[in-house]
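Below is one structure, written out as structure tokens; comments come after it.
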Amino acid sequence: MPWQQKIRYLIGQPVGVSLVNGQGTSGILCGTSGRKLLVIEYLYQAQFALKQYDFSMIHDINGFPPCQSPQPLY
Numbered sequence: 001m002p003w004q005q006k007i008r009y010l011i012g013q014p015v016g017v018s019l020v021n022g023q024g025t026s027g028i029l030c031g032t033s034g035r036k037l038l039v040i041e042y043l044y045q046a047q048f049a050l051k052q053y054d055f056s057m058i059h060d061i062n063g064f065p066p067c068q069s070p071q072p073l074y
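As structure tokens, then:
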């Protein structure tokens, strides 16, 4: 499925975004605005930033996999 079709299913979810330059980022997908992908990313301490990525910069978007059952600590 092309990444553009994944957007509506991933809004509000944690995602990994791979960029065409080989880099990547992760955060919560907030939506789109004017052919830009809006992702809120963690900076440090209690600070977050809403980043905008032009559609032409994006190679793919994937939702995070679910956590497996935690193993008990002994």
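Sequence positions in the sequence shown follow the UniProt record's numbering and run 1 to 74. Even for Gly, the Cβ is constructed at its ideal location relative to N, Cα and C. On a predicted model such as this, the values are computed, not experimentally measured, just so you know.
When DSSP states are grouped into helix, strand and coil, Ile61 belongs to the strand group. In this chain, the beta strand (DSSP E) harbouring Gln47 covers 47-54. Taking 8 Å as the cut-off, the Cβ atoms of Gly63 and Gln23 do not count as close.
Assigned with DSSP and collapsed to three states, Tyr74 falls in coil, not helix or strand. Take the alpha-carbon of Asp60 and the one of Tyr74: they are about 40 Å apart. In this structure, the beta-carbon distance from Leu29 to Val15 falls below 8 Å. DSSP places Ile28 within a strand segment (E or B) once states are collapsed to three.
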